[in-house]
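Student:
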Amino acid sequence: MTLQAPPAAVARRPAARSVTRLLPEDEPVPVTGTAADLAALVGAGDVLVLTGAGMSTACGIPDYRGPRGAFRHGHVPMQYADFVGSAEGRRRYWARGLVGWQRVAAARPGPAHEAVAALERAGLVRCVVTQNVDGLHQAAGSAVVTELHGGLHRVVCLDCGAVLPRAQFDRRLDAANPGFAARTAALVDTRQVNPDGDVELPEEALAGFVVVPCPVCETGRLKPDVVFFGETVPRERVARCYDALAASRSLLVLGSSLSVMSGYRFVRAAVRAGQPVAVVNAGPTRADADLVPGRDVRLDAQLEPVLGELVASLTLPAASAHESSGALAPR
Ligand SMILES: NC(=O)c1ccc[n+]([C@@H]2O[C@H](COP(=O)([O-])OP(=O)(O)OC[C@H]3O[C@@H](n4cnc5c(N)ncnc54)[C@H](O)[C@@H]3O)[C@@H](O)[C@H]2O)c1
Ligand SMILES: [Zn+2]
93 MTLQAPPAAV ARRPAARSVT RLLPEDEPVP VTGTAADLAA LVGAGDVLVL TGAGMSTACG
153 IPDYRGPRGA FRHGHVPMQY ADFVGSAEGR RRYWARGLVG WQRVAAARPG PAHEAVAALE
213 RAGLVRCVVT QNVDGLHQAA GSAVVTELHG GLHRVVCLDC GAVLPRAQFD RRLDAANPGF
273 AARTAALVDT RQVNPDGDVE LPEEALAGFV VVPCPVCETG RLKPDVVFFG ETVPRERVAR
333 CYDALAASRS LLVLGSSLSV MSGYRFVRAA VRAGQPVAVV NAGPTRADAD LVPGRDVRLD
393 AQLEPVLGEL VASLTLPAAS AHESSGALAP R
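Quick note: the sequence shown uses this note's numbering, first residue 93, plus one each step.
1) Is it the case that the CB of Leu395 approaches a heavy atom of ligand 1 more closely than 6 Å?
2) Output the distance between the C-alpha atoms of Val255 and Arg246, rounded to the nearest integer angstrom.
3) What residues match up with Cys333 in a beta bridge as DSSP calls it?
4) Under 6 Å, CB to any heavy atom of ligand 2. Which residues pass, going along the chain?
5) Using the three-state DSSP reduction, which class does Asp226 fall into: helix, strand or coil?
6) On the premise that Tyr172 lies in contact with Gly322, defined as a C-beta separation below 8 Å, what is that separation, rounded to the nearest angstrom?
7) Could you say which of Arg378, Ala338, Ala381 lies nearest to Val139 if we only look at CA atoms?
8) Can you determine whether any heavy atom of ligand 1 sits closer than 6 Å to the C-beta of Tyr356, and answer yes or no?
9) When burial is assigned at 16 or more other CB atoms within 10 Å of the CB, is Ser416 buried or exposed?
10) How would you write the range of the alpha helix (DSSP H) that Arg188 sits in, first residue to last?
11) Where does Gln367 fall in DSSP's three states?
12) Determine whether the beta carbon atoms of Ser234 and Ala204 lie at a separation below 7 Å.
13) Are the CB atoms of Val384 and Val318 nearer to each other than 7 Å?
14) Taking 8 Å as the threshold, find out whether the region 265 to 280 comes into contact with the region 325 to 341 through three or more Cβ pairs.
15) Answer yes or no: the CB of Ala232 versus the heavy atoms of ligand 4, is any distance below 6 Å?
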């Protein structure tokens, strides 16, 4: 998931190592802030919210780089070149995904998603740009959401371009592999889902697994409609998000280490344009040194209490909130 994709020919193990790199933990954070600073920034309205995997850790979907993140126990995410270039790579992904997807599909939005939706309803959030692929912002009721890296709940045909619901594809995969789901559930702890929506399966569990082709063109290779590591985010999707950022007053980053360039670039663009930035994340982010003291806000904290307090302070009974700050005035 990077705009600086390596050439396909080299996007295998060395690239896998570079994407799994963790940020240093002991760098001092030059900018800090308080809950009141955050409320002032968000209360001024017209906020673009950029979210990452930290939004969904409370919902049972692990992140990559947090204290219990998938990269801390050696998980290597699927690379675009491995998926597209190898029938075996696709077979492995879909076998593991058939099990893992059930977990992601069953996840419900958490307090952080609910808080972002409440801020949108209060007229303070212009739009949400999420790096997440789990669909939980939409499930929480956020109306204006761009999935920067796509969504696991759709599949796309690499050959004819058809886009289909994941649930429909899963039913066909399940029918083509009778007994597979039950056999693997007995072999692995299916609660240990990876952020990519798959689970670790022993090689022997994959034996005989059959991948079904695209039902539209009847031969095509189906891929989850997500941007894999080593793949480029569609240019027009990025452009739409940058236009939305340019039209916003400020940028609020929630639960992302910003290690991935496609997210980090939003902070750089906002800083260049002189737009205030707030970052709420437990642990370091790649953008910490870019933030501007005296203007930007950085809270090294868990999202849930911070956002709970923020919503409570900004969504007071409408009349008094209007009188005190005008923050809830409709857009
Ligand atoms: N749920 C998902 O859809 C999912 C899960 C993992 C990764 N991904 C994708 O992989 C890429 C990884 O980048 P990223 O920056 O989003 O993830 P990341 O793992 O690099 O960073 C997540 C950050 O969130 C922090 N965090 C975790 N729980 C938190 C909480 N409750 N409160 C505050 N902070 C918390 C972690 O310490 C970490 O710094 C992105 O494209 C991402 O969307 C998606
Ligand atoms: Zn097709």
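Where is the CB? At the ideal position from N, CA and C, for every residue including glycine. Computed from a prediction, not measured in an experiment: that's the story for all the values here.
Tutor: Answer, in terms of the structure:
1) Working through the sequence shown from its first residue, we reach residue 395 at position 303. Leu395 Cβ: within cutoff of ligand 1.
2) Within the sequence shown, residue 255 is the residue found at index 163, counting from 1. Within the sequence shown, residue 246 is the residue found at index 154, counting from 1. C-alpha separation (whole angstroms): 7 Å.
3) Your numbering for residue 333 matches position 241 in the sequence shown. Answer is none; Cys333 lacks a bridge partner.
4) Cys249, Asp251, Cys252, Ala254, Cys306, Val308, Cys309, Gly312
5) In the sequence shown, the residue the question calls residue 226 occupies position 134. Correct three-state label for Asp226: coil.
6) Working through the sequence shown from its first residue, we reach residue 322 at position 230. Working through the sequence shown from its first residue, we reach residue 172 at position 80. About 4 Å; that satisfies the 8 Å criterion.
7) Position 47 of the sequence shown, counted from the start, is the residue given in the question as residue 139. When only C-alpha atoms are compared, the closest one is Ala338.
8) Taking the first residue of the sequence shown as 1, we reach residue 356 at position 264. No, the beta carbon of Tyr356 sits no closer than 6 Å to any heavy atom of ligand 1.
9) Here residue 416 refers to the residue found at position 324 when the sequence shown is read from its first residue. Per-residue confidence for Ser416 stands at a pLDDT of 40, beneath the threshold of 50, marking its modelled position as unreliable; the derived number appears in the next sentence. Per the 10 Å Cβ criterion, exposed.
10) As a working mapping, residue 188 is identified with position 96 in the sequence shown. Arg188 -> alpha helix (DSSP H) spans 179 to 198.
11) Taking the first residue of the sequence shown as 1, we reach residue 367 at position 275. Gln367 falls in the coil class under three-state DSSP.
12) For the purposes of this step, residue 234 is identified with residue 142 of the sequence shown, where counting begins at 1. For the purposes of this step, residue 204 is identified with residue 112 of the sequence shown, where counting begins at 1. No, Cβ-Cβ distance for Ser234 and Ala204 is not below 7 Å.
13) Numbered from 1 along the sequence shown, position 292 holds the residue referred to as residue 384. Numbered from 1 along the sequence shown, position 226 holds the residue referred to as residue 318. Not in contact: Val384 and Val318 (Cβ atoms no closer than 7 Å).
14) no
15) Questions concerning ligand 4 fall outside what the structure shown contains, since the ligands it does hold are ligand 1 and ligand 2.
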